[in-house]
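So the protein sequences, as listed, match chains G and W. Under the numbering used here, the first residue of the first sequence is numbered 6, with each subsequent residue one higher. Under the numbering used here, the first residue of the second sequence is numbered 26, with each subsequent residue one higher. For each residue, glycine too, the CB sits at the ideal point set by N, CA and C. Nothing here was measured: the structure is a model prediction, and the numbers come from that model. Take a look at the structure set out below.
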Amino acid sequence: DAKTTQPPSMDCAEGRAANLPCNHSTISGNEYVYWYRQIHSQGPQYIIHGLKNNETNEMASLIITEDRKSSTLILPHATLRDTAVYYCIVGYSTLTFGKGTMLLVSP
Amino acid sequence: DAMVIQNPRYQVTQFGKPVTLSCSQTLNHNVMYWYQQKSSQAPKLLFHYYDKDFNNEADTPDNFQSRRPNTSFCFLDIRSPGLGDAAMYLCATSRDEGLAGGQDTQYFGPGTRLTVL
């Protein structure tokens with residue numbers, strides 16, 4: 006079973022920041038937090054991952070709380086093409102997908 | 026520039042007729058994965074290969090088998106497809122199985138959508 010809890014859906018206005026929360030209260034010390042997204046009818050796409058520290062790349066930022074029990078994925082300037090299901094996954098090697106959050110970016 | 030290629034993108038088979046889905050990769054990754062994704066559900070890992078070592082998930086039905094003849098190719102065989110096997114089948118690769126400190130990004134192909142008539 007997935008070890009994460011995410012809201013089923015979120016809305017965001019184009020150009021605004023999208024903040025997607027994830028709870029992972031049972032995370033183990035050596036488990037990473039991964040974020041993937043899946044645009045309709047495509048394969049999942051890697052976004053970012055982290056262990057303890059906050060991370061940033063060209064796509065997004067990942068904020069992990071100090072106790073590592075939750076995290077937030079931030080898309081700084083959401084576009085219509087960011088409409089997708091976003092999966093927060095906790096693990097070490099293989100991925101167990103939860104239900105994810107359906108992010109709808111609107112004009 | 027394609028990195029993980031799945032053929033065909035759409036496959037139609039008849040109930041009980043064996044079908045094979047294929048995946049190839051140009052990344053030279055050690056690990057290849059097969060996921061099943063049914064409509065409106067999340068991807069579910071069926072099995073994966075670390076190099077030639079096969080790792081089956083505990084709840085993967087015996088009806089599903091896999092072959093990896095070389096680093097670049099991996100096949101998913103469904104011996105006797107049932108209506109419940111209609112799904113998107115996703116292939117993914119990663120460099121290693123988390124041996125590099127657990128940081129192992131998976132790269133997914135576009136998927137093959139299987140229809141069972």
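Query                                                                                                                                                                                  : Result
Under 8 angstroms, Cβ to Cβ, is there at least one residue of chain W near leucine 100/G?                                                                                              : yes
Hey, threonine 77/G and glutamate 19/G: beta-carbon distance below 8 angstroms or not?                                                                                                 : no
Which residues of chain G have a Cβ atom closer than 9 angstroms to the Cβ of phenylalanine 133/W, listed in chain order?                                                              : Tyr41, Gln43, Gln47, Gly48, Pro49, Gln50 and Tyr51
Spatial neighbours of asparagine 53/W within its chain, please: CB distance less than 7 angstroms, with the 5 preceding and 5 following residues excluded, ordered by chain position.  : Thr96
Please check if any C-beta of chain W sits within less than 8 angstroms of the C-beta of lysine 104/G.                                                                                 : yes
With 16 as the cutoff for other CB atoms within 10 Å, does phenylalanine 79/W come out buried or exposed?                                                                              : exposed
For a minimum of 3 consecutive residues, which ranges assigned as the beta strand (DSSP E) are wholly contained in the stretch 84-112 of chain G?                                      : 89-96 and 106-111
Using DSSP with H/G/I as helix, E/B as strand and the rest coil, what is aspartate 78/W?                                                                                               : strand
Tell me, to the nearest whole angstrom, how far the beta carbon of alanine 145/W is from that of valine 29/W; I am working on the premise that it is less than 8 angstroms.            : This structure does not reach residue 145/W, given that chain W is present from 26 up to 142, and the question cannot be answered.
Which chain W residues are close to tyrosine 91/G, counting only those with a beta carbon under 9 angstroms from its beta carbon?                                                      : In chain order: nothing, as chain W lies at least about 11 angstroms away.
Is phenylalanine 100/W closer than 8 angstroms to leucine 115/W when the C-beta atoms are compared?                                                                                    : no
Taking the alpha carbon of alanine 90/W as the point to measure from, which residue in Gln50/W, Val141/W, Ser65/W and Phe72/W has its own alpha carbon closest?                        : The question names alanine, but residue 90/W in the sequence shown is glutamine. Cα-wise, what sits closest to glutamine 90/W is Phe72/W.
Between which two residues does the beta strand (DSSP E) holding glycine 41/W run?                                                                                                     : Neither: glycine 41/W is in no beta strand (DSSP E) and is coded neither H nor E.
Count the other C-beta atoms from every protein chain shown that fall within 10 angstroms of the C-beta of serine 30/G, then say buried if there are 16 or more, exposed otherwise.    : exposed
Helix, strand or coil for aspartate 87/W per DSSP?                                                                                                                                     : coil
Return the chain-ordered list of same chain residues with a C-beta closer than 6 angstroms to the C-beta of methionine 15/G, the five sequence neighbours on each side being excluded. : Thr106 and Leu108
Look up isoleucine 69/G in the DSSP assignment and give the residues it is bridged to.                                                                                                 : Ser76/G
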